[in-house]
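Just below is one structure, and these are the notes that go with it.
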Amino acid sequence: NAGVTQTPKFQVLKTGQSMTLQCAQDMNHEYMSWYRQDPGMGLRLIHYSVGAGITDQGEVPNGYNVSRSTTEDFPLRLLSAAPSQTSVYFCASSKKAGTHNTFGSGTRLTVV
Amino acid sequence: AQKITQTQPGMFVQEKEAVTLDCTYDTSDQSYGLFWYKQPSSGEMIFLIYQGSYDEQNATEGRYSLNFQKARKSANLVISASQLGDSAMYFCAMREGGRDDKIIFGKGTRLHILP
């Protein structure tokens, strides 16, 4: 049982480049979400999904796109990377309502 | 709108003492859940404890307990008999029920356990 798998673990991008952070879970969780963690800011919700085909914006959605075509996968796309997107990104999943998130191990992204 | 406030950026506690990490929340929902996570220096997020808004008793998990005071909208984490391995970042989080089913986090408290 792999849980929540994030790839890559580390990435360096140049300003303006695009990339996709991958997230997959094998627990049949309905709910998936992306957070970014910056020093002193805690974890801020970027986008979340309550099921396949449904996505919604979190606290800091600008500059990021998501889609949820399957229950298992929830990729996060950066269309044109900016230095302000340098951060650690966490993907998480849970069953709906009243349960905690299971987190992936994180992706450390640096935009230069 | 949901809001989680952790007012202690950092704390230093002597080993074997009990420690309380503060968390207050704001929500207009009647149904919600409160969580605490631990993030050690290795970076992974570890779920510690959960309290539902309708739970009458405070949640406990081993050395962790959640002091839930609904009227004051507080959900403090209590760690009994602290250990060196408790040194970490601790996050309080809240999940509202209903359609807007998202989990938001506070900014965290860094706990240092002193030998």
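Sequences listed follow chains D and Z, in order. Throughout, our numbering is defined as the position within the first sequence, counted from one, plus 14. Throughout, our numbering is defined as the position within the second sequence, counted from one, plus 1308. The C-beta atom is built at its ideal place from N, Cα and C for all residues, glycine as well.
Give the interface partners of residue i over in chain Z, defined as CB-CB distance under 7 angstroms, in chain order.
| i | result |
| --- | --- |
| Y45 (chain D) | D1409 |
| Y62 (chain D) | K1410 |
| F104 (chain D) | M1353 |
| G72 (chain D) | K1410 |
Which of the three DSSP states, helix, strand or coil, is assigned to residue i?
| i | result |
| --- | --- |
| D1337 (chain Z) | coil |
| D52 (chain D) | strand |
| G1318 (chain Z) | strand |
| G120 (chain D) | coil |
| D1409 (chain Z) | coil |
| S83 (chain D) | coil |
| G1393 (chain Z) | helix |
| Q1310 (chain Z) | coil |
| S98 (chain D) | helix |
| M41 (chain D) | coil |
| E1404 (chain Z) | strand |
| H114 (chain D) | coil |
| Q31 (chain D) | coil |
Going along chain D in order, which residues have a C-beta closer than 7 angstroms to the C-beta of residue i?
| i | result |
| --- | --- |
| K1415 (chain Z) | G54, M55 and G56 |
In chain D, what lies closer than 8 angstroms to residue i by C-beta?
| i | result |
| --- | --- |
| F1399 (chain Z) | G56 and L57 |
| F1320 (chain Z) | Simply none; closest approach about 18 angstroms. |
| E1352 (chain Z) | F117, S119 and G120 |
| F1376 (chain Z) | Near F1376 (chain Z) there are no residues of chain D at all, since even the closest Cβ is about 14 angstroms away, more than 8 angstroms. |
Under 9 angstroms between beta-carbons, which chain D residues line up against residue i? List them in chain order, please.
| i | result |
| --- | --- |
| F1355 (chain Z) | H114, N115, T116 and F117 |
List the DSSP bridge partners of residue i.
| i | result |
| --- | --- |
| T1328 (chain Z) | Z:V1386 |
| S63 (chain D) | D:M46 |
| E1369 (chain Z) | Z:Y1372 |
| K1346 (chain Z) | Z:I1354 and Z:Y1398 |
| R58 (chain D) | D:R50 |
| F88 (chain D) | DSSP lists no partner for F88 (chain D). |
| V18 (chain D) | D:Q39 |
Expressed to the nearest angstrom, what Euclidean distance is found between the alpha-carbon atoms of residue i and residue j?
| i | j | result |
| --- | --- | --- |
| E1364 (chain Z) | I1357 (chain Z) | 15 angstroms |
| G54 (chain D) | Q25 (chain D) | 22 angstroms |
| P1423 (chain Z) | D52 (chain D) | 29 angstroms |
| E73 (chain D) | Q1310 (chain Z) | 10 angstroms |
| S119 (chain D) | Q39 (chain D) | 12 angstroms |
| T124 (chain D) | L90 (chain D) | 15 angstroms |
| Q31 (chain D) | S63 (chain D) | 25 angstroms |
| T1335 (chain Z) | V18 (chain D) | 29 angstroms |
| L1374 (chain Z) | I1312 (chain Z) | 15 angstroms |
| Y1372 (chain Z) | Q1391 (chain Z) | 12 angstroms |
| V126 (chain D) | M1319 (chain Z) | 34 angstroms |
| G65 (chain D) | I1387 (chain Z) | 35 angstroms |
At a CB-CB cut-off below 8 angstroms, which residues of chain Z make contact with residue i?
| i | result |
| --- | --- |
| V26 (chain D) | Per Cβ cutoff of 8 angstroms: no residues; V26 (chain D) is ~18 angstroms from chain Z at best. |
Note to self: Any contact between the stretch 1375-1387 of chain Z and the stretch 108-126 of chain D? By contact I mean 3 or more CB pairs, one from each, below 8 angstroms.
What the structure shows: no
Margin query: Using a Cβ distance threshold of 8 angstroms, determine whether the stretch 1344-1361 of chain Z contacts the stretch 1381-1401 of chain Z, with at least three qualifying pairs required.
Written below: yes
Margin query: Taking contact to mean 3 or more Cβ pairs, one atom from each stretch, closer than 8 angstroms, check whether the stretch 1408-1421 of chain Z and the stretch 52-64 of chain D are in contact.
Written below: yes
Notebook entry, point to check: So, do the stretch 81-101 of chain D and the stretch 1327-1339 of chain Z have three or more beta carbon pairs nearer to each other than 8 angstroms?
Noted result: no
Next item on the list: Specify whether the stretch 1321-1336 of chain Z and the stretch 65-79 of chain D touch according to this definition: at least 3 beta carbon pairs, one from each stretch, less than 8 angstroms apart.
Entry: no
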